[in-house]
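Student: Numbering (this note's numbering), first residue to last: 179 to 696.
Encoded structure:
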């Protein structure tokens, strides 16, 4: 008797010593949707266009293909890992396998906290869109006061985080339905926006050669300005590993997850790049401060007019919502994966899968609460957008390095073995992996660089804001690993209730029939 597809998928968990607990209901498009909704073309471009344009002028567009090439090298490495190890908590388990348990824990720790920070950072994008749709959504003041924008952003973001917490707590099916619908709307809206921008162009593509004198006064001329502006693209193109993090809830994940990773980053690059260049070609004027303050929201209203423009901004709002939902979902799977290895405090609680909702409920709630706490701490911080976003992205790039570096070492030692008959880079594996590591190191340094333009561009000026990323990331990495080394590592081991030796009872026939037909 041949094993069913689900049994073959579940057998891959035995290498990690886990028994299957999460219900496999997600198909090929669901895994693709998870990856592309985390990257979220509309969320990232609309949230950070103003920053890239203000610091690099129209020529900042070139950072988009630059970041894509670097991140595509990382994505190719991750696709190989997804084919070999399609398990929850992708980055954590990959680093554990290609490196060692210590590297795995640090990668998981950095990625988990980065995800919590990223939920807060993505949720803050509501402030960049809702008040543009209607002044009704500016609940605090009129937006001109010193703390109006930051405080109102926290209120709007808190509503979104409460929503993502509830949806994720009620199970992966509800999350997948909302996420899939949201991604479909986002993709359609993106294509429509590209077409509408294209029919309103007023200048040629040579606009991307203009620097708007942003390099004047910079230590390295325009290169210095470009490196700052490139963060706007670096902040967008990540999170493609989410497709693999849902591996234990996906059908045939070792084949579907690698495809989803590659397709999501390519689709994001093509569609996002077209939006950015056509926005620059169609906006009525490249002069004035609104491009540097209101960003793409201003361009949409300027080019399409108030009615069509606001309709498009509602689509952006949907994209932000499903992006926050995807980030929250990935964080939950990571917390679950680390907890069943007894690698987090209260591990038994965090690794418990609700029999009713078929999802880890406790991590959904705790991660939501922690994200809200980050917002509350920053409620009167005018520079909340760039500081919170930067810290989250730095930790994600660092976590990715904790996968690609051990993978490179394994390749050089000849110990890396890709999955047979599935996605493999073959002889291209070594050069791709080397480029992925070099890119990761270079962009991490660029992200950490304590420049005023990134971390303290406006008053009040404080040294701890400018050095905030270095201090915070250093504290998280150093303090976290010290806790692991002296306390947590002595407890590490698969919890008995999650171990493969205690197999789960067979699923009812009705459940198997439902999975087969979905």
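Cβ atoms here follow ideal geometry from the backbone N, Cα and C, with glycine treated the same way.
All of these numbers come straight from a predicted model, not from anything done at the bench.
For residue 664, report the span of its alpha helix (DSSP H) as first-last.
Tutor: Your numbering for residue 664 matches position 486 in the chain shown. That run of the alpha helix (DSSP H) goes 646-664.
Student: Based on Cα-Cα distance, which residue from 390, 675, 652 and 221 lies nearest to residue 410?
Tutor: As a first step, residue 410 is located in the chain shown; it is residue number 232 there, counting from the start. Out of 390, 675, 652 and 221, 221 has the C-alpha closest to the C-alpha of residue 410.
Student: Indicate the three-state DSSP secondary structure (helix, strand or coil) for residue 266 in the structure shown.
Tutor: Reading the chain shown from its first residue, position 88 is the one you call residue 266. Residue 266: coil per DSSP, three-state reduction.
Student: Looking only at its chain, what residues have a beta carbon closer than 8 Å to the beta carbon of residue 594, apart from the 5 residues adjacent to it on each side?
Tutor: By one-based count along the chain shown, residue 594 stands at place 416. 276, 585, 588 and 607, listed in sequence order.
Student: Check each candidate in 627, 195 and 217 and name the one with the smallest Cα separation from residue 439.
Tutor: If you number the chain shown from 1, residue 439 lands on position 261. With distances taken between Cα atoms, residue 439 lies closest to 217.
Student: How is the alpha helix (DSSP H) around residue 279 delimited, first residue to last?
Tutor: Taking the first residue of the chain shown as 1, we reach residue 279 at position 101. Element bounds for residue 279: 279-301.
Student: Would a C-beta distance cut-off of 9 Å place residue 481 and residue 461 closer than the cut-off?
Tutor: Numbered from 1 along the chain shown, position 303 holds the residue referred to as residue 481. Numbered from 1 along the chain shown, position 283 holds the residue referred to as residue 461. Taking 9 Å as the Cβ cut-off, residue 481 and residue 461 qualify as a contacting pair.
Student: Would you kindly work out how many angstroms separate the C-alpha atoms of residue 390 and residue 234, rounded to a whole number?
Tutor: The sequence position of residue 390 within the chain shown is 212, counting from 1. The sequence position of residue 234 within the chain shown is 56, counting from 1. About 7 Å.
Student: Taking 9 Å as the threshold (C-beta atoms), are residue 619 and residue 579 in contact?
Tutor: Reading the chain shown from its first residue, position 401 is the one you call residue 579. Reading the chain shown from its first residue, position 441 is the one you call residue 619. Against a cut-off of 9 Å, the Cβ pair of residue 619 and residue 579 comes out as a contact.
Student: Hey, is the segment 264-280 in contact with the segment 300-310, meaning 3+ C-beta pairs nearer than 8 Å?
Tutor: As far as the Cβ criterion goes, the segment 264-280 does not touch the segment 300-310, which means the pair count is below three.
Student: State buried or exposed for residue 198, treating a residue as buried only when at least 16 other CB atoms are found within 10 Å of its CB.
Tutor: Position 20 of the chain shown, counted from the start, is the residue given in the question as residue 198. Per the 10 Å Cβ criterion, buried.
Student: How about residue 502 and residue 339: are their beta carbons less than 9 Å apart?
Tutor: Translated into the one-based positions of the chain shown, residue 502 becomes position 324. Translated into the one-based positions of the chain shown, residue 339 becomes position 161. Yes; because the gap between Cβ atoms is below 9 Å, this pair is in contact.
Student: Please report the residue range of the alpha helix (DSSP H) in which residue 374 lies.
Tutor: Position 196 of the chain shown, counted from the start, is the residue given in the question as residue 374. Where residue 374 is concerned, the enclosing alpha helix (DSSP H) stretches over 350-376.
Student: For the segment 204-239, which segments carrying the beta strand (DSSP E) assignment without a break, of at least 3 residues, lie completely within its bounds, in sequence order?
Tutor: Runs found: none.
Student: Measuring alpha carbon to alpha carbon, tell me which of 546, 624 and 530 ends up nearest residue 296.
Tutor: The count along the chain shown starts at 1 and reaches residue 296 at position 118. It is 546.
Student: Name the residue from 492, 279 and 294 whose alpha carbon lies nearest to the alpha carbon of residue 125.
Tutor: Residue 125 cannot be examined here, being either before or after the span of the chain that is shown, 179 to 696.
Student: Specify whether the segment 506-515 and the segment 279-294 touch according to this definition: at least 3 beta carbon pairs, one from each stretch, less than 8 Å apart.
Tutor: At 8 Å Cβ cutoff, the stretches touch.
Student: Answer with buried or exposed for residue 283, where buried requires no fewer than 16 other C-beta atoms within 10 angstroms of its C-beta.
Tutor: Here the question's residue 283 lines up with position 105 in the chain shown. Per the 10 Å Cβ criterion, buried.
Student: At which residues does the alpha helix (DSSP H) containing residue 497 begin and terminate?
Tutor: Start at 1 with the first residue of the chain shown, and residue 497 comes out as number 319. Its alpha helix (DSSP H) spans residues 474-518.
Student: Are residue 306 and residue 225 touching if we call contact CB-CB under 9 Å?
Tutor: The residue given as residue 306 occupies position 128 in the chain shown. The residue given as residue 225 occupies position 47 in the chain shown. Yes, the Cβ-Cβ distance between residue 306 and residue 225 is below 9 Å.
Student: Based on Cα-Cα distance, which residue from 200, 238, 519 and 249 lies nearest to residue 612?
Tutor: Numbered from its first residue, the chain shown carries residue 612 at position 434. For residue 612, the nearest C-alpha among the options comes from 249.
Student: Once you ignore the five residues that flank residue 567 on each side, which residues in its own chain have a CB closer than 7 Å to its CB?
Tutor: Translated into the one-based positions of the chain shown, residue 567 becomes position 389. The answer, listed in chain order, is 299 and 413.
Student: I'd like to check one pair, residue 516 with residue 286: are the Cβ atoms closer than 9 Å?
Tutor: For the purposes of this step, residue 286 is taken as the residue at position 108 of the chain shown. For the purposes of this step, residue 516 is taken as the residue at position 338 of the chain shown. It is a contact, given that the beta carbons lie within the stated cut-off.
Student: Do the segment 486-501 and the segment 654-674 touch if we need at least three Cβ pairs shorter than 8 Å?
Tutor: Too few Cβ pairs lie closer than 8 Å, so no.
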